[in-house]
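Student:
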Amino acid sequence: MIIGFGNNVVSSLAADITASQTTIQVMPGVGAMFANLLTSDYANSSNPLKTYAKITLTDAKETVFEVCHLTAVNNDMLTVIRGQEGTTAKGWSLNDVIANFATRGSENQFVQIEELQSGHYVAGVAGGTENNLTLELPATYFVNGGVDWTLRTPLVVIPALNNTGASTLQLTMGGRVLGIFPLYKGNKAELSANDIIKDIPVLCVLDNTKTYFSVLNPLEIYLGSRYLQKDQNLSDVPDKAKGRSSLEVYSKTESDENYMAKSQCGADIPNKPLFVQNIGALPASGTAVAANRLASRGALPALTGATRGSDSGLIMGEVYNNGYPTQYGNILRLTGTGDGEILIGWSGTNGAPAPAYIRSHRDTA
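If you read the sequence shown in the UniProt record's numbering, its first letter stands for residue 1, the second for the next number, and so on.
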C-alpha cells in the first residue's frame, strides 16, 4: 500500500470516541477533504495501488497524540486503524483535533538517494544454498492487513555461491514469504551449473503469473566457454575440423570426394572424358574436336634423333628458324606412343608454292 497526503487537512471530532472505536465522525462537510487523502495524482491503469493515510488525534493543547491509519471515508465518517507507530488508542472528546500530520512512518516511506543507489528495496545478497537461494527485502504490501502484492521491477540478486544445476529463489518481502520460484533462462530453460557465479549479480524478473523468475544475465549465457564470442570470428571453436565437416567446408589441407582440390589442377576429376564433354570441348568418345579452333603453342623446337615431344596429343606450333628443314611455316605434331608431324612451309612469297613435310617417328625399344 502507498501513503496518501493532503494540504491543510485539519478538523475536529463531531462526537466523543472510545479507545476501541474504529469509526470517527468529523465535522459536517469536511469528509471529502479526508477522502481526497486516499487518492493519487499519478495513476497507472494496469497497476492499481491501494492507498491509506496517516491521521493524528490530539487535544486542543497538543499534549497527547494518537496516530491512526485512515483506510476509508463515507461522507463525514472515517474508518481507521487505531494506535499506530507506537501510540496507544484512547478515548477522545468532542472538538478534539484530527488532522493529516507528518509522522515518522509517513516520512520513512520516502525513498532517499542512498536507498535508491544501493538498491535497498530491490537488491540483496542471497542466502540459502547453491541451488536454493533465499532473499529478504522490505515492502509495504501487507500494511493494514493487505494480502495483494505486485512485483514488476527486476530484482538484483547477489549470489554467495556458484550454482550446480537447476535453481530456485525463495522470496520474502515485508516479512512474508511470497513463494519459492524456479529460476529459468531463455524460454523457461532450467539453469545449468555455473550459470550463477559467486558475487556476480543476476537480474531476476517475475513473470506475470507470479510462478517463476527469468534470469536475464546468467554469466555463462553471454560470457561462458560454452558459447562463441562474436569478436573471436570463430577462432574460439574448440573442434574446428568437426565444425568444418558439419558445415561441409574444408581447409587447405583437407579434401572430400565431393570437392576438387586446387592443387590437383583437375587430376582428381574421376571421369575426365565426361567432364570434357560437359564443358563442350570433346564428346565422351574423344574422337571429334568440339572446340572451334586449336591455338598455337608458339615456336616449337624440331624433334631430332630419338627425342619425343613432351606433351601427348595434338599440338599446333610454328616454324621460325628452329631446326626444321624449312625456315618458316606451321606444324601439327601428334605425340603419343610415337611422334608424327605435318609441316606446311612458307615460300616467302604470298600465293607461291611452298614445301610440305610429313615425318613419322617411332620410339626405339
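A virtual CB, placed ideally from N, CA and C, is assigned to each residue, including glycine. Keep in mind it's a predicted model, so treat the numbers as computed, not measured.
1) Cutting at 7 Å between CB atoms, please list the residues of its own chain near Gly336, excluding the five before and the five after it.
2) In angstroms, rounded to a whole number, what distance separates the CA positions of Ala32 and Gly128?
3) Flag this pair as yes or no: are the beta carbons of Ile81 and Leu49 separated by less than 8 Å?
4) Taking the Cβ atom as the reference point for each residue, do Thr77 and Gln25 lie within a distance shorter than 8 Å?
5) For the stretch 4-20 against the stretch 90-100, are there 3 or more C-beta pairs whose distance is under 8 Å?
6) Below 7 Å CB to CB, which residues in the same chain sit around Pro355 once its five sequence neighbours on both sides are set aside?
7) Report the start-end ranges of each beta strand (DSSP E) in the stretch 100-145 that is 3 residues or longer and not cut off at the edges.
8) From Leu206 to Leu135, what does the alpha carbon distance come to, in whole angstroms?
9) Between Asn163 and Asn194, is the Cβ-Cβ spacing less than 8 Å?
10) Out of Lys90, Tyr357, Thr150 and Ile331, point me to the one whose CA is closest to Ser296's CA.
11) Distance check for Ile55 and Met27, CA to CA, integer angstroms please.
12) Between the C-alpha atoms of Gly91 and Val122, what's the straight-line distance to the nearest angstrom?
13) Measure the alpha-carbon distance for Tyr324 versus Ser246 and round it to whole angstroms.
14) Would you list the residues sitting across from Ser312 in a DSSP beta bridge?
15) Buried or exposed: Phe110, going by 16 or more other Cβ atoms within 10 Å of its Cβ?
16) Check whether the Cβ atoms of Phe65 and Thr58 sit closer than 8 Å, and answer yes or no.
17) Using C-beta distances below 7 Å, list every residue in its chain close to Ala166, excluding the 5 sequence neighbours before and after it, in chain order.
18) Between the alpha carbons of Gly340 and Gly329, how many angstroms are there, rounded?
19) Going by DSSP in three states, Asp339 sits in which element: helix, strand or coil?
20) Excluding the five sequence neighbours on either side, which residues of its own chain have a C-beta within less than 7 Å of the C-beta of Val202, listed in chain order?
21) Leaving out the 5 sequence neighbours to the left and right, which residues in its chain are closer than 6 Å to Gln170 when beta-carbon positions are compared?
22) Label Val73 either buried or exposed according to how many other C-beta atoms from any shown protein chain fall within 10 Å of its C-beta, with 16 as the threshold for buried.
23) Would you report the Cα separation of Lys230 and Ile279, rounded to the nearest angstrom?
24) Within a Cβ cutoff of 6 Å, which residues of the same chain sit near Gly186, ignoring the five residues on either side of it in sequence?
25) Which ranges would you report for the beta strand (DSSP E) in the stretch 12-50 if only whole runs of at least 3 residues count?
26) Determine which residues share a DSSP beta bridge with Ser167 and list them.
27) Select from Asn75, Lys61 and Arg333 the residue whose C-alpha is nearest the C-alpha of Gly23.
28) My parser needs the alpha helix (DSSP H) runs of 4 or more residues fully inside the stretch 60-89; what are they?
29) So is the beta-carbon of Gly165 under 7 Å away from any non-hydrogen atom of the ligand NAD?
Tutor: Taking the definition as stated:
1) Translated into the one-based positions of the sequence shown, residue 336 becomes position 336. For Gly336, where only same-chain residues beyond five positions count, the Cβ hits under 7 Å are Ser312.
2) For the purposes of this step, residue 32 is taken as the residue at position 32 of the sequence shown. For the purposes of this step, residue 128 is taken as the residue at position 128 of the sequence shown. Cα-Cα distance, rounded: 50 Å.
3) Residue numbering aside, residue 81 sits at position 81 when the sequence shown is read from its first letter. Residue numbering aside, residue 49 sits at position 49 when the sequence shown is read from its first letter. Cβ atoms of Ile81 and Leu49: not closer than 8 Å.
4) For this step, residue 77 is matched to residue 77 along the sequence shown. For this step, residue 25 is matched to residue 25 along the sequence shown. The amino acid at residue 77 is misidentified as Thr; the sequence shows Met. Yes, Cβ-Cβ distance for Met77 and Gln25 is below 8 Å.
5) yes
6) Here residue 355 refers to the residue found at position 355 when the sequence shown is read from its first residue. Here the set comprises Thr326 and Gly345.
7) 123-125 and 132-137
8) Position 206 of the sequence shown holds residue 206. Position 135 of the sequence shown holds residue 135. Near 14 Å, if we compare the C-alpha coordinates of Leu135 and Leu206.
9) Sequence index remark: in the sequence shown, residue 163 carries index 163 (1-based). Sequence index remark: in the sequence shown, residue 194 carries index 194 (1-based). In this structure, Asn194 lies closer than 8 Å to Asn163 by Cβ.
10) The residue you call residue 296 lines up with position 296 of the sequence shown. Per the Cα distances, Ile331.
11) In the sequence shown, residue 27 corresponds to position 27, counting from 1. In the sequence shown, residue 55 corresponds to position 55, counting from 1. One C-alpha to the other measures close to 15 Å.
12) If you number the sequence shown from 1, residue 91 lands on position 91. If you number the sequence shown from 1, residue 122 lands on position 122. So the two alpha carbons sit approximately 41 Å from each other.
13) Counting from one through the sequence shown, the residue named residue 324 turns up at place 324. Counting from one through the sequence shown, the residue named residue 246 turns up at place 246. For Tyr324 and Ser246, the distance between alpha carbons rounds to 60 Å.
14) Position 312 of the sequence shown holds residue 312. Its beta-bridge partners do not exist; DSSP assigns none.
15) For the purposes of this step, residue 110 is taken as residue 110 along the sequence shown, with counting starting at 1. Under this definition Phe110 is an exposed residue.
16) For this step, residue 65 is matched to residue 65 along the sequence shown. For this step, residue 58 is matched to residue 58 along the sequence shown. In this structure, Thr58 lies closer than 8 Å to Phe65 by Cβ.
17) Along the sequence shown, read from residue 1 onward, the residue named residue 166 stands at position 166. Asn131, Glu190 and Leu191.
18) Walking along the sequence shown from the start, residue 340 turns up at place 340. Walking along the sequence shown from the start, residue 329 turns up at place 329. Approximately 16 Å, taken between the alpha carbons.
19) Translated into positions along the sequence shown, residue 339 becomes position 339. Three-state DSSP puts Asp339 in a strand.
20) Position 202 of the sequence shown holds residue 202. Val157, Pro159, Ile196, Val215, Asn217 and Pro218.
21) The count along the sequence shown starts at 1 and reaches residue 170 at position 170. Taken in chain order, the residues that qualify are Thr134 and Ile180.
22) Counted from its first residue, the sequence shown places residue 73 at position 73. Counting Cβ neighbours within 10 Å, Val73 comes out buried, since at least 16 surround it.
23) Start at 1 with the first residue of the sequence shown, and residue 230 comes out as number 230. Start at 1 with the first residue of the sequence shown, and residue 279 comes out as number 279. Rounded to whole angstroms, Lys230 to Ile279 spans 42 Å at the Cα level.
24) Within the sequence shown, the letter at position 186 stands for residue 186. So the list is empty, once near-sequence residues are dropped.
25) 23-25
26) Locating residue 167 in the sequence shown gives position 167, counting from the first residue. According to DSSP, which records beta bridges pairwise, Ser167 is partnered with Leu183.
27) For the purposes of this step, residue 23 is taken as the residue at position 23 of the sequence shown. The residue you asked about is not Gly; residue 23 is Thr in the sequence shown. Selected option, being the one with the closest Cα: Asn75.
28) none
29) As presented, the structure is devoid of all ligands, the ligand NAD included, so that no description of it is given.
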